[in-house]
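Residue numbers (our numbering): 603 to 948.
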Amino acid sequence: MATKTKNCWKTAEKLTICAVLVIYLTGCSFAGISGSQSASSDAEKKVTKSDFALDTVVSVTLYGTDDPTLAEGCLDLCHKYELVFSRTDSESELYALNEQNSMTVSDDLLSVITTALHYCEVSNGAFDITLGEISDMYGFTSDSPSVPPQDKLDAALAHVGYQHIHVDGHTVTIDDPETVVDLGAIAKGYIADRLADYLKENGQQSAVIDLGGNVYCVGTKPDGSDYNVGIQYPFEDTSKTITTVHVSNMSVVTSGIYERSFEQDGVLYHHILNPQTGYPYDNGLLAVSIVSEKSVDGDALSTTCFALGLDGGLALINSLDGIYAVFVTDDYQLHYSDGFQAALEQ
Ligand code: AMP
Ligand code: MG
Numbered sequence: 603m604a605t606k607t608k609n610c611w612k613t614a615e616k617l618t619i620c621a622v623l624v625i626y627l628t629g630c631s632f633a634g635i636s637g638s639q640s641a642s643s644d645a646e647k648k649v650t651k652s653d654f655a656l657d658t659v660v661s662v663t664l665y666g667t668d669d670p671t672l673a674e675g676c677l678d679l680c681h682k683y684e685l686v687f688s689r690t691d692s693e694s695e696l697y698a699l700n701e702q703n704s705m706t707v708s709d710d711l712l713s714v715i716t717t718a719l720h721y722c723e724v725s726n727g728a729f730d731i732t733l734g735e736i737s738d739m740y741g742f743t744s745d746s747p748s749v750p751p752q753d754k755l756d757a758a759l760a761h762v763g764y765q766h767i768h769v770d771g772h773t774v775t776i777d778d779p780e781t782v783v784d785l786g787a788i789a790k791g792y793i794a795d796r797l798a799d800y801l802k803e804n805g806q807q808s809a810v811i812d813l814g815g816n817v818y819c820v821g822t823k824p825d826g827s828d829y830n831v832g833i834q835y836p837f838e839d840t841s842k843t844i845t846t847v848h849v850s851n852m853s854v855v856t857s858g859i860y861e862r863s864f865e866q867d868g869v870l871y872h873h874i875l876n877p878q879t880g881y882p883y884d885n886g887l888l889a890v891s892i893v894s895e896k897s898v899d900g901d902a903l904s905t906t907c908f909a910l911g912l913d914g915g916l917a918l919i920n921s922l923d924g925i926y927a928v929f930v931t932d933d934y935q936l937h938y939s940d941g942f943q944a945a946l947e948q
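As structure tokens, then:
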């Protein structure tokens, strides 16, 4: 079934999955619930709701029902969380933190900042949530992105460093007023987890949440089997996949250089930046996909592993239980973490 990259999407009545993933539900036999006519038709029901939120197209598909209420509830939650995590919306909590530099924050913002700082430390700063000003200077999402002049990059780099962020209880302090916190590498994962909780708490057993490439598969397919999630072939149409994983109750997140990028003087500039230089990482990777129970970890780790490169990223994933990664290098070869194929490709 369908998919798209972060900046474009498909609105067919087929399952719409934005970004880098393809969910296949074809061939679903509904074997486990084929008793009565009504049970069978319930199992075949589904409803999808999509919206633009979180700077991307988000979509929620519920299976086994045609009542859109919970899917709409998910979209409402996306807008609620936008008012927590958006770096650019002047109404958001993160915006206020960046303005005020010290304030008492909500549980949600505290949780994401604390988790993000963990990955900043684990990666020795290759993952760094203070690249906000430099990302802005490139204008990746603008109509005319461009490479910032070196003097401006240097000036902004002087204020990059997650060590400027301090957490004391619910008080977060940024000790350099020029430092801009950006949670773009992790917030969607946290939100996907919250949406999955909301659906499960409300009795929805089978659903796919797609927040522009952060996919969470709730439960199993209606017949009790795993979802098949295809991972996009870099730079190709989203219907072309490079591999497929079989998951239930898991998140699949990809960071890729083709997602937000532009070309200048024959060079591709993408959105995952090296905090040492201010330039995009140029390490032979095209994409990293992470499969994990918590999407907040998957989101943080997809960016972290991209930043660490193939060897460092694989070493990190292989040190973690229950988290899997596949790396795509620029020769289009796949590099799997330990146990990936046994756990996810069988
Ligand atoms: P993702 O698509 O999850 O890999 O996140 C990429 C986004 O994270 C970018 O668009 C920036 O907002 C932000 N970002 C860029 N470089 C880094 C980095 N080295 N560490 C953490 N966040 C980053
Ligand atoms: Mg990420």
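For every residue, glycine included, the Cβ atom is placed at its ideal position computed from N, Cα and C. Please read these numbers as outputs of a predicted model, since none were measured by experiment.
heavy atom of ligand 2 below 6 Å from residue i C-beta
| i | result |
| --- | --- |
| D901 | yes |
| A698 | no |
| A787 | yes |
| S939 | no |
Minimum Cβ-Cβ distance from residue i to chain D less than 7 Å
| i | result |
| --- | --- |
| V831 | The structure shown contains no chain D, having only a single protein chain. |
Other residues of its chain near residue i: CB distance less than 6 Å, five sequence neighbours each side excluded
| i | result |
| --- | --- |
| T781 | T732, H761, H766 |
| T775 | S704, H768 |
| D777 | H766 |
| T628 | Its pLDDT being 37, under 50, T628 is placed unreliably by the model, and the measurement read from it follows with that caveat. Same-chain partners within the cutoff: there are none. |
Strand pairing of residue i, partner residues [DSSP]
| i | result |
| --- | --- |
| V782 | Beta-bridge pairing links V782 to no other residue. |
| T775 | S704, H768 |
| P882 | L875 |
| V834 | The sequence shown places Gln at residue 834, rather than the Val named in the question. Its beta-bridge partners are T843. |
| T717 | None; T717 has no bridge partner. |
| F929 | V890, H937 |
| E865 | L870 |
| Y829 | V849 |
Same chain, Cβ closer than 8 Å to residue i, five either side skipped, listed in chain order
| i | result |
| --- | --- |
| L785 | F687, R689, L696, V714, I715, A718, I731 |
| S638 | Its pLDDT being 32, under 50, S638 is placed unreliably in this model, and the value from its coordinates should be taken loosely. So the list is empty, once near-sequence residues are dropped. |
| E865 | Y871 |
| L936 | I844, T845, V928, F929, V930 |
Three-state class that DSSP yields for residue i in the structure shown
| i | result |
| --- | --- |
| D644 | helix |
| F942 | helix |
| I728 | Sequence check: residue 728 is Ala here, not Ile. In the structure shown, A728 sits in coil (DSSP, three-state: anything other than H, G, I, E or B). |
| A760 | coil |
| V749 | coil |
| C630 | Reliability fails at C630, whose pLDDT of 31 lies under 50, so the model's placement of it is uncertain and no value is given. |
| F742 | coil |
Cβ-heavy atom distance, residue i to ligand 1, below 6 Å
| i | result |
| --- | --- |
| L813 | no |
| T845 | no |
| H955 | Residue 955 is absent from the structure shown; the chain starts at 603 and stops at 948. |
| L679 | no |
| S857 | yes |
Beta-carbon proximity of residue i to residue j, cut-off 7 Å
| i | j | result |
| --- | --- | --- |
| L664 | A673 | yes |
| F890 | S904 | Residue identity differs from the one stated: residue 890 is Val in this sequence, not Phe. Yes; because the gap between Cβ atoms is below 7 Å, this pair is in contact. |
| D901 | I811 | no |
| P751 | Y740 | no |
| D653 | L685 | no |
| L813 | L711 | no |
| D795 | S897 | yes |
Cβ-based neighbour list, residue i, same chain, cut-off 7 Å, excluding 5 preceding and 5 following
| i | result |
| --- | --- |
| G858 | V622, P836, L888, A889 |
| D828 | T822, H848, V849, S850 |
| D668 | K647, V649 |
| T923 | A small correction: the amino acid at residue 923 is Asp; Thr does not occupy that position in the sequence shown. Cβ neighbours of D923 beyond the five flanking positions: none. |
| E693 | L685 |
| S631 | Low confidence applies here, because S631 scores a pLDDT of 26, under 50, leaving its location unreliable; read the following figure in that light. Counting only Cβ-Cβ distances below 7 Å, and skipping sequence neighbours, we find D825. |
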